[in-house]
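Take the sequence shown: its letters are residues 1 to 456, numbered as in the UniProt record's numbering.
Here's the structure we're looking at; comments come further down.
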Amino acid sequence: MSVLLVTIIAMAVPFYYISESFYKNHVIQEVENRLSAHSNVFLDHPSETTVYHIVEMENQEKVNFILYDEQLEPVAQTDNITPQLREEYSRWVTEHVLEMEAGTFEGRTGLVEMEGQAHIAHIWSMYPVTDDEGVLGYMFIDQDTGEFNEPRVNLLIILLVMCFFVFILGFLAFLFLSKRLTQPLVEMGEMTHQIASGKYNVILDTKGEGEVKDLENDIQSMADQLQRYSKSRREFLSHISHDLRTPITYIKAYSSIMKDETGISEEWREYLEVISQQSNRLEGLVQDLFQLSRLEEGKVEIEKEMTEIKPWLSELLIQYKRTFSEKDITCSLKADHQNIKVSLDPKKFHQIVVNLLENSLRYTEAGGKISFLLYEKDKEVSLVISDTGKGIPEEDLPYVWDRFYRVDKSRSSENGGSGLGLAIVKKLVDLHGGEILLSSTKGKGTTFTITLPKKG
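Below is the structure:
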């Protein structure tokens, strides 16, 4: 818009000065032509009657006119010329006559600023009246340019009005074109945010043209490829987790049977115990993979029921009483009031809380604290789970929901979890129509905030 405004001003200002110059030159030319015509009439009819008519004509034009003889003495003049003005006129005419070159008889015209006048300068012009014998006298006119200046002012007003309307039309055109050009980019920006959040089933139709259309096609192609990749990855994890369950079951069963045999040595019994433990861990990993795959495919359904959340949590935490004691960790549960109810799937929400609780237990040292806080606001219920554990570095926070992501890269799945727990938690909370937020400070602890609608 600033470019448009500058363009309009750059066009208007020169036009104004050109029009001013045009009117000024037009008035000067008109005055000089009038003096020339008076001189010719006087030479054709040199009489007092002719002078009288010339003076009356200029009286009607409301200009100051003086006829001088060859000695620069006033012979005739229009009305309303004061002695002071006549003296100024005579001095001006005398100066120009003296400046005239010998044998050169030309008129002289100039612009003179008049004190107390609001419009542009007066035009003073003198013209020699000559015949074959020489100069007979001089004609002088003082032309007030006020009435000639009025059309110029009107033109300026018209020009300003035109500039205003051009600016308005340009502004509207700018809004229309900018919206038409940027709207496809805005829509593509929204779609790329969806793609970045894992929603690949987007369809772009921005009505863009040229390079914008090419960009749209590239984004659509990228989304389609990511969707196919995501689908193939889910299918792979689903198949591999399904296919591994049977062999793991056999390994567990036979290792357990062999371990209970009486005819084996203690060394072999220890080997079989290791096999059994690792089989259990592998079975848990496969189970998590299978569940996450089903969640991503949308094959998991929840059965919600209205639940008094505080008694439900109290019963769950009792199961971990011994664990808290063994690890020397204090656990607390607080709520706004006893009768906070929320719609949830008890089994699925149990898994959410257990995963978060075990995550806190895993990273909280002896003497630490884990706290549960319940509160309701408007039509939502929030559960805040906080610990005083090791915390998560700020640079790792955006990735903790990714599968197999570990903050502590040195930990194995044996002592650091499968790396799937938080990914499953996120999917289960989404399935409840809720939201989970994470805040953490390294060395101070971590806080998870789960918010669910009271009525699902």
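Just so it is clear, CB atoms sit at the ideal spot from N, CA and C, and this is done for glycine as well.
Residue i - DSSP class collapsed to helix/strand/coil
i, result
"Y68", "strand"
"Y127", "strand"
"H45", "coil"
"Y200", "coil"
"A76", "strand"
"S232", "helix"
"I28", "helix"
"Q143", "strand"
"P311", "helix"
"K377", "strand"
"M100", "coil"
"S412", "At S412 the pLDDT is 49, less than 50, meaning the model places this residue with poor confidence; the figure from the coordinates comes in the next sentence. Of the three classes helix, strand and coil, the one that applies to S412 here is coil, per DSSP."
"V63", "coil"
"T82", "coil"
"D260", "helix"
"residue 498", "An answer regarding residue 498 cannot be provided, because it is not within the stretch 1 to 456 covered by the chain."
"A366", "coil"
"V186", "helix"
"D205", "coil"
"V55", "helix"
"Q338", "coil"
"E95", "helix"
"G170", "helix"
"V212", "helix"
Cβ-Cβ distance between residue i and residue j below 8 angstroms
i, j, result
"V41", "T49", "no"
"E58", "T78", "yes"
"T441", "G391", "yes"
"S386", "T447", "yes"
"G137", "L67", "yes"
"H432", "L344", "yes"
"T388", "P346", "no"
"R245", "K259", "no"
"I248", "L282", "yes"
"V55", "A76", "yes"
"L292", "V353", "no"
"M139", "L43", "no"
"V31", "D144", "no"
"K426", "E380", "no"
"I309", "I264", "no"
"A366", "K327", "yes"
First through last residue of the beta strand (DSSP E) which encompasses residue i
i, result
"E435", "435-441"
"R403", "R403 -> no beta strand (DSSP E), and no H or E assigned at all."
"V112", "108-112"
"P453", "445-453"
Host alpha helix (DSSP H) of residue i (start-end)
i, result
"A423", "421-431"
"Q319", "Where Q319 is concerned, there is no enclosing alpha helix (DSSP H), given that its DSSP letter is neither H nor E."
"D387", "From DSSP, D387 is part of no alpha helix (DSSP H) but of the beta strand (DSSP E) over 380-387."
"L289", "266-296"
"K348", "346-363"
Cβ-heavy atom distance, residue i to the ligand ZN, below 7 angstroms
i, result
"E270", "For the structure depicted, the ligand ZN is absent and the ligand set is empty, with no information on it obtainable."
Among the options, nearest to residue i - alpha-carbon criterion
i, options, result
"Q278", "S325, I251, K299, I123", "I251"
"S221", "R245, L244, T192", "T192"
"L373", "E315, H350, T449", "T449"
"S325", "F404, F290, K369, F65", "K369"
"Y89", "K426, I123, G210", "I123"
"L397", "L422, K199, L316, Q29", "L422"
"K304", "N80, E266, V429, T82", "V429"
"D288", "F165, K334, V342, Q351", "Q351"
"F349", "Q319, W312, A335", "W312"
"L204", "L72, K213, A196", "K213"
"E297", "R228, L169, T364", "R228"
"E216", "T364, Q183, G443, V31", "Q183"
"S256", "V274, G419, D69", "V274"
"N80", "D142, Q29, S178", "D142"
"E95", "E376, M126, D69, L169", "M126"
"A335", "V384, T323, S178", "V384"
"E435", "G443, Q225, W401", "W401"
"K444", "I424, R403, P393, L420", "P393"
"I424", "F290, K377, L177, E395", "F290"
"V202", "G210, E211, E187", "E187"
"E358", "T323, A173, S382", "T323"
Beta carbon proximity, residue i to chain C, threshold 8 angstroms
i, result
"V27", "Of the protein chains in the structure, only one exists, and it is not chain C."
Residue(s) in a DSSP beta bridge with residue i
i, result
"G134", "D131"
"F372", "L333, I385"
"M306", "S343"
"H122", "V112"
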